[in-house]
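*Asks:*
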Amino acid sequence: GLFVTDYFTRTPRKLSPFRSFASIELFHFHIPEDTVIAVWNLITFKEQGGTFGDQCPDRSITVYFRSGAPSVINPLHTHFPRDTAVPGSFALTLTWTLPNRTTGVFNVTSPLPGDWFLAAHLPKDEGKISVKGLYEECQYLFQPQLIVQRLVNIAVLYPGYVTEQSMAPHNRSCLYKVFVPSYTSRVLVEVLRCRGAEGCPLWLRVRAKAPPLHNSTALDCREHAPCQLALDLPFWQHWYYVLVEKHPGVPGAVSFQVIVQLTDCSRPSLARPPFLPSSASMNMPHSFGSVGGLALGDSPSPASPSNGTKHTVPIPTASPTGERCWPVRPTLRNELDTFSVHFYIFFGPNVSVPPDRPAVFVINLLPVLDSGGVLNLELRLNVSSLHGENVTVFGCLNHEVPLTSGDNASVTCETESLAGFLLSVNATASLSRLRIPYPQTGSWYLSLRSLCAMEHGFEPCTNVTAEVYLRAYLSPCINDCGIYGQCKLLRTNNYLYAACECKAGWNGWGCTDNAEAFSYGFQLLSTLLLCLSNVMFVPPVAIAVRSHYLLEAAVYIFTMFFSTFYHACDQPGIVVFCIMEYDVLQFCDFLGSLMSVWVTVIAMARLQPVVLYLLGAMLLSMALQMDRHGLWNLLGPSLFALGIMAVAWTARTIRRRHCYPPTWKRWAFYLCPGALIAAAAVLLYAFVETEENYFYIHSIWHLLIAGSVGFLLPPRAKPSGRLGPLPRRKGCGYQLCVNEQEELGLVDPAVASINSICTS
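Per our numbering, the sequence shown runs over residues 218 to 977.
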């Protein structure tokens with residue numbers, strides 16, 4: 218065959234330590250049909266400060282692969298919510314082979330076509346809270362690349378027609394494909410008139426959706442005559458690939474014929490006719506092609522062969538009664554929001570399940586759009602409809618083909634090639650739920666069957682029609698992540714998906730694992746510590762008021778108020794109290810903290826112009842709006858204030874020819890202790906805080922910062938030698954108090970006597 222190679226790549230992304238699925242990096246690929254091999258080249262490299270991170274530690278990288286929907290991963294081994302089905306996925310761990318770069322390769326032979334998803338993350342870290350910009354952080358970048366090799370012009374087999382083939386000595390296999398429409402209960406592939414050097418030295422392999430593998434359904438034509446391979450309950454609306462492979466070491470050419478017959482379950486006594494007037498009758502794509510084949514619209518009548526290579530065969534008339542299929546009832550799709558879709562049943566939601574046949578429903582999930590949420594299914598049995606009978610209603614949820622139990626009263630939802638989900642309700646347990654996170658898109662079929670419990674198992678019921686309440690819907694997260702989680706809507710390129718982000722020590726896919734959860738007492742204690750530690754600002758307020766620093770006192774009160782209520786609103790658990798929007802409280806808390814530093818430093822410089830306070834407020838507001846967590850956006854204005862103070866102190870020292878502040882007691886008992894306390898607070902904030910110790914380390918930060926302000930705030934300024942205006946006494950009308958000698962200009966106002974006269 219002719220091979221075509223396609224190449225796909227994605228932009229490198231920074232990986233994060235795993236905390237929840239919201240912290241992983243998700244990559245979306247699309248593999249075309251007829252792909253025989255897919256190779257993922259996984260490139261990982263380190264960066265630090267814009268250069269190669271040779272000094273960064275080696276951290277293992279885990280990559281997950283899944284077809285059809287994102288992987289449901291659980292690297293922390295947490296518990297899933299009840300009634301949750303966990304689909305499987307491939308996992309690969311990358312180790313470092315070079316100091317700053319490593320690569321990995323993941324090969325998939327004959328991959329399933331359609332959407333593939335890769336998820337990557339770093340191991341969980343200790344949860345250190347780092348100040349942004351304090352040091353160059355090690356970044357681990359991950360870039361997946363995909364190379365696919367696909368076959369073009371694969372020969373198409375038409376149901377009911379014989380295809381003749383001669384396999385040359387240098388060829389080892391021939392590959393075909395046939396489209397299986399809806400309501401097909403059986404696919405029969407047969408090799409006829411096989412002639413070779415050693416009888417019929419062929420292997421017959423069949424697989425759905427992709428070319429067969431070594432472990433696909435196979436049959437050795439040497440040992441079976443006739444060489445027939447039957448597949449019951451095939452996937453609907455999919456291609457089936459047929460591989461005829463020659464035994465190794467067989468010399469010479471081998472000639473044979475291949476025929477495929479499809480059994481229509483809506484007409485169990487007939488096979489599907491070999492000719493249909495249009496592709497719409499089989500729901501077959503118009504654009505499929507074959508080497509030497511015919512377009513479906515140009516197909517000849519069954520009586521006339523096509524180019525001597527295809528001719529009709531008699532249609533078998535025998536078919537077991539179990540191959541009957543029942544009408545599939547559609548559901549109405551009602552989209553409320555992103556990943557919020559309800560599937561309504563016509564003449565529902567109460568469904569009648571008769572005793573003699575199953576009730577089958579179909580739920581259609583749109584490609585890409587619906588695979589990022591959670592498919593929820595709920596069955597509730599109306600016990601009063603059983604009339605005292607011991608009836609159990611079984612439900613089988615299968616992907617792409619309905620699976621109904623036959624007359625043997627089987628209660629499993631699995632076959633050799635199918636695996637489904639089983640639900641059951643009865644008079645004792647009248648409610649059953651099923652949740653499937655990140656479901657595969659396409660058609661999901663729910664088959665309901667009522668059976669009566671007997672001594673030796675279940676048997677079909679007689680004259681009892683059970684009534685079941687059926688609810689099916691798509692939601693972003695499981696139970697909206699509960700009270701200890703937040704459901705986040707995430708995006709990677711043009712793909713949307715939702716995931717829970719848990720808090721207060723809760724973990725799991727739905728934030729239901731309480732193995733490490735914070736107790737209510739612990740949450741209350743942490744909230745009280747973070748809030749009440751701000752009371753330490755009361756002494757600085759009293760000192761500022763006593764020293765007539767009224768503006769500084771107002772700033773400290775502002776900081777104390779908003780820091781208290783910000784931390785009351787910032788708690789991860791249920792002990793939360795918000796008086797405003799979270800963003801407003803956070804902005805005011807950050808602004809108050811930085812303004813406290815600014816006004817304290819300006820007061821230490823003994824500069825009174827109001828313009829400096831306004832300048833500080835404007836600069837800090839701008840810096841916080843740019844980046845509230847950036848180091849230099851916050852540190853810059855503080856250093857600017859310290860520079861102003863240093864210039865003012867230097868000017869006074871030069872003018873007075875004496876060190877300023879002048880007394881050693883001020884340095885020993887106030888400035889040095891205050892500076893040491895502030896430095897200790899900054900070190901704790903920058904290097905010690907983690908997520909586990911945040912509540913008490915940050916409380917200590919509040920105490921230290923407030924205590925340093927009490928030490929650093931300067932005392933009340935002494936009055937200068939010049940005389941100011943004298944106080945006026947109250948009286949009738951107005952009083953004008955002047956110094957008579959000063960008014961006349963007879964003496965220097967600086968040495969004027971205090972003898973003044975008041976005139977009315």
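Backbone N, C-alpha and C fix where the C-beta goes; we use that ideal spot for every residue, glycine too.
Note that the structure is predicted; figures quoted are calculated from it, not measured.
1) Since I believe residue 576 is in contact with residue 665 (beta carbons under 8 angstroms), could you give me their beta-carbon distance rounded to a whole number of angstroms?
2) With H, G and I counted as helix, E and B as strand and the rest as coil, what does DSSP make of residue 470?
3) Ordered along the chain, which non-local residues of its own chain (more than five positions away) have a Cβ less than 7 angstroms from that of residue 782?
4) 7 angstroms is my cut-off, CB to CB: does residue 409 come that close to chain D?
5) Flag this pair as touching only if the region 556-569 and the region 629-643 have three or more C-beta atom pairs under 8 angstroms; answer yes or no.
6) Suppose only complete runs of 4+ residues qualify. What are the alpha helix (DSSP H) ranges in the region 873-920, listed by chain order?
7) Once the 5 residues before and after residue 649 are set aside, which same chain residues still bring their CB inside 7 angstroms of it?
8) If I measure Cβ to Cβ from residue 220 and keep anything under 8 angstroms in the same chain, skipping five residues before and after, which residues do I get?
9) Is the beta carbon of residue 752 sitting closer than 7 angstroms to the one on residue 816?
10) Within the continuous beta strand (DSSP E) that includes residue 686, where are the two ends?
11) Measure from the alpha carbon of residue 678 to the alpha carbon of each residue in 786, 647, 571, then state which is nearest.
12) Quick one: using the 10 Å Cβ neighbour count with 16 as the cut-off for buried, is residue 324 buried or exposed?
13) Could you check if residue 661 is buried or exposed, using at least 16 other CB atoms within 10 Å of its CB as the buried criterion?
14) Please return the same chain residues whose Cβ sits closer than 7 angstroms to the Cβ of residue 390, not counting the five positions on each side in sequence.
15) Suppose you measure from the CA of residue 562 to the CA of residue 839; what does that come to, to the nearest Å?
16) Leaving out five residues before and five after residue 764 in sequence, what residues of the same chain have Cβ atoms less than 8 angstroms from its Cβ?
17) Taking only three categories from DSSP, how would you classify residue 250?
18) Would you tell me roughly how many angstroms separate the C-alpha atoms of residue 227 and residue 723, rounded to the nearest one?
19) Ordered along the chain, which non-local residues of its own chain (more than five positions away) have a Cβ less than 6 angstroms from that of residue 256?
20) Cα-Cα, which of 269, 246, 250, 265 is closest to residue 258?
21) Are there three or more Cβ pairs, one per stretch, closer than 8 angstroms when the region 287-300 is compared with the region 721-739?
22) Which first and last residues belong to the alpha helix (DSSP H) in which residue 585 is found?
23) By how many angstroms is the C-alpha of residue 858 removed from the C-alpha of residue 865?
24) Quick check on DSSP: helix, strand or coil for residue 847?
25) For the beta strand (DSSP E) holding residue 384, just list the boundary residues, first then last.
26) According to the neighbour-count rule (16 or more other Cβ atoms, all chains shown, within 10 Å of its Cβ), is residue 508 buried or exposed?
27) Per DSSP, what are the beta-bridge partners of residue 282 in this structure?
28) At which residues does the alpha helix (DSSP H) containing residue 738 begin and terminate?
29) DSSP on residue 609, reduced to helix/strand/coil?
30) Between the beta-carbon of residue 477 and the beta-carbon of residue 376, is there less than 7 angstroms?
31) Regarding residue 231 and the ligand NAD, is the C-beta to nearest heavy atom distance less than 6 angstroms?
32) Give the straight-line distance between the Cα atoms of residue 981 and residue 277, rounded to the nearest whole angstrom.
33) Use the C-beta contact count for residue 874: other C-beta atoms within 10 angstroms, 16 or more gives buried, fewer gives exposed.
34) How far does the alpha helix (DSSP H) with residue 400 in it extend, from its first residue to its last?
35) Counting C-beta neighbours from all protein chains within 10 Å, is the total for residue 784 16 or more, i.e. buried, or is it exposed?
36) Could you pull the DSSP bridge partners for residue 224 from this structure?
*Replies:* Looking at the coordinates:
1) In the sequence shown, residue 665 corresponds to position 448, counting from 1. In the sequence shown, residue 576 corresponds to position 359, counting from 1. Sure, about 5 angstroms apart at Cβ, within 8 angstroms.
2) Locating residue 470 in the sequence shown gives position 253, where the first residue counts as 1. Coil.
3) Counting from 1 along the sequence shown, the entry for residue 782 is found at position 565. Excluding positions up to five away in sequence, the list reads 796, 802.
4) Chain labels in this structure do not include chain D; a single protein chain is all it has.
5) Output reads no: the region 629-643 does not touch the region 556-569.
6) Listed in chain order, the complete alpha helix (DSSP H) runs (minimum 4 residues) inside the region 873-920 are 889-900.
7) Within the sequence shown, residue 649 is the residue found at index 432, counting from 1. Cβ within range, chain order: 596, 640, 641, 642.
8) For the purposes of this step, residue 220 is taken as residue 3 along the sequence shown, with counting starting at 1. When the five nearest sequence neighbours on each side are left out, the beta carbons in the same chain lying within less than 8 angstroms of the beta carbon of residue 220 are those of 253, 366, 367, 368, 369, in order along the chain.
9) The sequence position of residue 752 within the sequence shown is 535, counting from 1. The sequence position of residue 816 within the sequence shown is 599, counting from 1. Contact flag unset, no.
10) Counting from one through the sequence shown, the residue named residue 686 turns up at place 469. According to the DSSP assignment, residue 686 belongs to the beta strand (DSSP E) that extends over 683-692.
11) Position 461 of the sequence shown, counted from the start, is the residue given in the question as residue 678. Answer by Cα proximity: 571.
12) Along the sequence shown, read from residue 1 onward, the residue named residue 324 stands at position 107. The residue in question, residue 324, is exposed, as its Cβ has fewer than 16 Cβ neighbours within 10 Å.
13) Here residue 661 is taken as the residue at index 444 of the sequence shown, counted from 1. Per the 10 Å Cβ criterion, buried.
14) Counting from 1 along the sequence shown, the entry for residue 390 is found at position 173. In chain order, 460, 461, 462, 463 place their CB closer than 7 angstroms to the CB of residue 390, counting only its own chain and leaving out the 5 sequence neighbours on each side.
15) Taking the first residue of the sequence shown as position 1, residue 562 is located at position 345. Taking the first residue of the sequence shown as position 1, residue 839 is located at position 622. Straight-line Cα distance between these residues: approximately 56 angstroms.
16) Position 547 of the sequence shown, counted from the first residue, corresponds to residue 764. Excluding sequence positions up to five before and after residue 764, its CB lies within less than 8 angstroms of the CB of 930, 931, 932, 933, all in the same chain and listed in chain order.
17) The residue labelled residue 250 in the question sits at position 33 within the sequence shown. Residue 250 falls in the coil class under three-state DSSP.
18) One-based indexing of the sequence shown puts residue 227 at position 10. One-based indexing of the sequence shown puts residue 723 at position 506. Near 33 angstroms, if we compare the C-alpha coordinates of residue 723 and residue 227.
19) What you label residue 256 is simply residue 39 of the sequence shown in a count that begins at 1. Excluding residues within five positions, the ones whose Cβ falls inside 6 angstroms are 324, 364.
20) Translated into positions along the sequence shown, residue 258 becomes position 41. Comparing C-alpha distances from residue 258 to each of 269, 246, 250, 265 shows the shortest one belongs to 246.
21) Put simply, the region 287-300 touches the region 721-739. At least three CB pairs are less than 8 angstroms apart.
22) Counting from one through the sequence shown, the residue named residue 585 turns up at place 368. Here residue 585 belongs to no alpha helix (DSSP H), and DSSP marks it neither H nor E.
23) Walking along the sequence shown from the start, residue 865 turns up at place 648. Walking along the sequence shown from the start, residue 858 turns up at place 641. Cα-Cα distance, rounded: 11 angstroms.
24) In the sequence shown, residue 847 corresponds to position 630, counting from 1. Three-state DSSP puts residue 847 in a strand.
25) Here residue 384 is taken as the residue at index 167 of the sequence shown, counted from 1. Start and end: 379-384.
26) Indexing the sequence shown from 1 puts residue 508 at position 291. Its pLDDT being 31, under 50, residue 508 is placed unreliably in this model, and the value from its coordinates should be taken loosely. Of the other Cβ atoms in all chains shown, fewer than 16 fall within 10 Å of the Cβ of residue 508; this residue is therefore exposed.
27) As a working mapping, residue 282 is identified with position 65 in the sequence shown. DSSP lists 307, 335 as the bridge partner or partners of residue 282.
28) Residue 738 sits at position 521 when you count from the first residue of the sequence shown. Here the alpha helix (DSSP H) through residue 738 covers 737-749.
29) Locating residue 609 in the sequence shown gives position 392, where the first residue counts as 1. Looking at residue 609 - three-state DSSP - the assignment turns out to be strand.
30) Against the sequence shown, residue 477 aligns to sequence position 260. Against the sequence shown, residue 376 aligns to sequence position 159. Their beta carbons are under 7 angstroms apart, which means residue 477 touches residue 376 by this criterion.
31) Among the components modelled here there is no ligand, and therefore nothing to report on the ligand NAD.
32) The shown model of the chain, from 218 to 977, leaves out residue 981, and the question about it has no answer.
33) In the sequence shown, counting from the first residue as 1, residue 874 sits at position 657. Per the 10 Å Cβ criterion, exposed.
34) Residue 400 sits at position 183 when you count from the first residue of the sequence shown. From DSSP, residue 400 is part of no alpha helix (DSSP H); its letter is neither H nor E.
35) Your numbering for residue 784 matches position 567 in the sequence shown. Classification of residue 784: buried, given that the 10 Å Cβ count is 16 or more.
36) In the sequence shown, counting from the first residue as 1, residue 224 sits at position 7. 364, per the DSSP bridge assignment.
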